[in-house]
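Note that the protein sequences, when read in sequence, are chains A and B. Taking my numbering, the leading residue of the first sequence gets 1, the next gets one more, and so forth. Taking my numbering, the leading residue of the second sequence gets 323, the next gets one more, and so forth. Glycine residues also receive a C-beta, built at the ideal position from the N, C-alpha and C atoms. As the structure is a prediction and not an experimental result, all values here were calculated from the model.
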Amino acid sequence: MAAIKTDNLVKRFTEVTAVNGISFDIPEGEVFGLLGPNGAGKTTLISMLATLIEPTSGSAVVAGFDVRLQPLEVRKNIGIVFQEPSVDDLLTGRENLYLHSMLYGVPRPEIGPRTDKMLDLVNLADRADSLVKTYSGGMRRRLEIARGLIHEPKILFLDEPTLGLDPVSRQTIWGYIGRLKAAKKTTIILTTHYMEEADNLADRIGIIYQGRIIEMDTPANLKKKVGRDLVFIKGAVNAQAVRGLSFVKSVELEEGRFRISISDSGRNLQALLNSAGAIEEVEVRPVTLDDVFMKFAGHQIKNDVENNGIFQRIVSAKATRK
Amino acid sequence: MRANSPGPPLNLKIAMFNFNAIYALLLREAKIFFREKERIISILVSPLLFLFVMGRGMVSGTSPVAGFTYQQFIFPGILAMVILFTSITYGLYIIWDKRLDFLKEVLAAPISRSTLFIGKSLGGMLGAIIETFILLIIGAFFILPLDIVKVALCLLAAFPVSYMIVNLGLTIGAKMKSMEGFGLVMSFLTWPLFFFSGALFDLAAAAPYIKLISLLDPVTYAVDIMRIIMLGRGVFSAWTDLGAIAGFCLATTYIGVTSFGKLQQEK
Chain A
1 MAAIKTDNLV KRFTEVTAVN GISFDIPEGE VFGLLGPNGA GKTTLISMLA
51 TLIEPTSGSA VVAGFDVRLQ PLEVRKNIGI VFQEPSVDDL LTGRENLYLH
101 SMLYGVPRPE IGPRTDKMLD LVNLADRADS LVKTYSGGMR RRLEIARGLI
151 HEPKILFLDE PTLGLDPVSR QTIWGYIGRL KAAKKTTIIL TTHYMEEADN
201 LADRIGIIYQ GRIIEMDTPA NLKKKVGRDL VFIKGAVNAQ AVRGLSFVKS
251 VELEEGRFRI SISDSGRNLQ ALLNSAGAIE EVEVRPVTLD DVFMKFAGHQ
301 IKNDVENNGI FQRIVSAKAT RK
Chain B
323 MRANSPGPPL NLKIAMFNFN AIYALLLREA KIFFREKERI ISILVSPLLF
373 LFVMGRGMVS GTSPVAGFTY QQFIFPGILA MVILFTSITY GLYIIWDKRL
423 DFLKEVLAAP ISRSTLFIGK SLGGMLGAII ETFILLIIGA FFILPLDIVK
473 VALCLLAAFP VSYMIVNLGL TIGAKMKSME GFGLVMSFLT WPLFFFSGAL
523 FDLAAAAPYI KLISLLDPVT YAVDIMRIIM LGRGVFSAWT DLGAIAGFCL
573 ATTYIGVTSF GKLQQEK
């Protein structure tokens, strides 16, 4: 049975269509990454699946229940970790978990043991009885994850779980999500705009742009389509020879330098440079979300010129950075 | 959320009460109330100023009720004032909850909006009852000797009174977007409700337009019932007061639950 099944889901606000006809199936136990820029519709999509807002049209079945007809049943079976922390500052970590357990109908004798277990899982046992307002950003996020799991949901929604966290906290959170994934009990829907995060955690990635899913595949396949690294070379490059190399995905002339997409710079950079010819300057970087978007959404963006969409801002930001 | 969104699914708006959830919400409010001791004290400041500065200062003012001083006369009114201020402030605090995202957690929980609303109302009543009790004790010592029965009756009356006013505050709080409106509500609602209630003067002897407006003011009946309990004399009968308060309780429950049904995540 699919954990989540949506059919032509649409959410229209007065001035903008945030989600514009999304249909997908997410099997039980999958970690599904929703990747997209701010404003792409990720949070709106999740809000509809979590019954926080009502769809304009289309349908969604979450954990076997219709989001429109049985919102309370849907809610009992899902956990949500919000983009911005929603743990209660004025309560302690333990009290937050207690309140949540009561709201979600966890049987009372189980609340204590489960609380201890969850606090251990997210390494907050020693700070459990401090007020949340004394917690750091990373601790709040961890508490929020513990809270999202304490009622043992079938599906966990993580909306930008590592946004604004330092690299160490980010690694820690990835560790927890990895463990959850290994346990294979919980279906996880993760939104992010970090390619790396989606890459590390997701079984499958849906790229969302302007309310539509424009590409959906495993991280490995997506990368194969785009290439893993980009090499920028300034100089008299022999484009013909470079294109002939097996690991080269594409070669484009961009603002006076060649933009070469290759599958693995660690192994193939030397070979590339040998074939390239006279080189003045070289820059190597991994493929980023921007590049994935340019690949999959590039043609759409050209059509959206009059809309002054988010993407143009990204493109112009890229241009000014140089 | 941007304008014109239809809100959460219908089945959330009207549904059964969940008593475990109500208990949990009440517990949360109680813990927070007792942790913010400054709030307990600060909310008593203006009522105490009225009671001890105005009440004592107006020695030349004749008391409308024979056998009682002016200070004793306004004491029941000031008690109603404490309930009014505590309850409205509490209700408006839901704007903070909204701003600081705490509300998200309860809005996403598998509980109906009626459950959430009742949990919040009871939490607010708790604060109002405690403030009422503190003021009753102060008053019993310094202003008007009260026996245990009168204290108990006043506390009992404080339940429905605080309930209707908390509901009013929660309704306004649910509709308001920012804390900037707080001052407006205090100027245009709280103070008028207080002044027209007859807390500081005898309504029976007031100008006709004051009488007319006071009939629409729920606090009028709160002041009156307190006065009947403490001084043995009011403008209306006790049954009129209780009937009016019950009516306001029902009406504010309806508008409150409706406004909570429309409430949703800000982002």
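Leu245 of chain A has its alpha-carbon roughly 12 Å from the corresponding atom of Asp264 of chain A. Here Ala50 of chain A has Ile78, Ile80 and Phe157 as same chain residues with Cβ atoms under 7 Å from its own Cβ, once five neighbours each way along the sequence are excluded.
Here Ile577 of chain B carries a helix assignment [DSSP, helix/strand/coil]. Ala450 of chain B is a Cβ neighbour of Ala480 of chain B, given a cutoff of 8 Å.
Taking the C-beta atoms as reference points, Leu90 of chain A is found nearer than 8 Å to Ile354 of chain B. The three-state reading of DSSP puts Thr134 of chain A in helix, counting H, G and I together. Ranking B:Arg435, B:Ile456, B:Ala521 and B:Trp418 by CA distance to the CA of Val579 of chain B puts B:Arg435 first. At a beta-carbon threshold of 7 Å, the residues of chain A lying near Ala346 of chain B are Leu99, Met102 and Leu103, ordered along the chain. The way I'd put it, the stretch 8–28 of chain A doesn't touch the stretch 164–173 of chain A; fewer than three beta-carbon pairs between them come closer than 8 Å.
Nearest to Phe582 of chain B by alpha-carbon distance, out of B:Asp524, B:Leu448, B:Ile433 and B:Gln394, is B:Ile433.
Of all residues in the stretch 75–97 of chain A, the ones placed with a Cβ closer than 8 Å to any Cβ belonging to chain B are Arg75, Lys76, Ile80, Phe82, Gln83, Glu84, Pro85, Ser86, Val87, Asp88, Asp89, Leu90, Leu91 and Glu95, in chain order. Residue state for Asp25 of chain A is assigned as strand, using DSSP reduced to three classes. Contact between Arg114 of chain A and Ile150 of chain A holds, with the beta-carbon distance rounding to 5 Å and staying under 8 Å. In terms of beta-carbon proximity, Asn342 of chain B lines the interface with chain A, with at least one pair separated by less than 8 Å. Closest in alpha carbon position to Met1 of chain A, among A:Asn20, A:Ala18 and A:Ile26, is A:Ile26. Closest option to Gln83 of chain A, judged by alpha-carbon separation, among A:Thr191, A:Ala241 and A:Val31: A:Thr191. Every alpha helix (DSSP H) stretch that sits fully inside the stretch 373–444 of chain B and reaches 4 residues is listed by chain position as 392–414, 416–421 and 424–429.
Within chain A, the residues Leu52 have their CB atoms less than 8 Å from the CB of Leu429 of chain B, given in chain order. For a cut-off of 8 Å, the C-beta gap from Leu534 of chain B to Val387 of chain B is around 23 Å, too long to register as a contact. Using a Cβ distance threshold of 8 Å, Ile532 of chain B and Leu406 of chain B do not count as a contacting pair. Cα atoms of Leu490 of chain B and Asp546 of chain B: separation of roughly 20 Å, rounded to the nearest angstrom. If you ignore the 5 residues before and after Arg212 of chain A, its C-beta comes within less than 6 Å of the C-beta of Asn20, all in its own chain and listed in chain order. Within its own chain, the residues whose Cβ lies closer than 7 Å to the Cβ of Met118 of chain A, once the five positions on either side in sequence are excluded, are Leu97, Ala146, Leu149 and Ile150, listed in chain order. Of the candidates B:Ser385, B:Trp561, B:Met376 and B:Phe439, the residue whose Cα lies closest to the Cα of Thr493 of chain B is B:Phe439. At least one CB of chain A lies nearer than 8 Å to the CB of Lys426 of chain B. In this structure Phe397 of chain B touches Ile465 of chain B by the C-beta definition: roughly 5 Å separates them, less than 8 Å. Cβ proximity to chain B below 8 Å picks out Val67, Arg68, Leu69, Gln70, Pro71, Leu72 and Glu73 from the stretch 57–73 of chain A.
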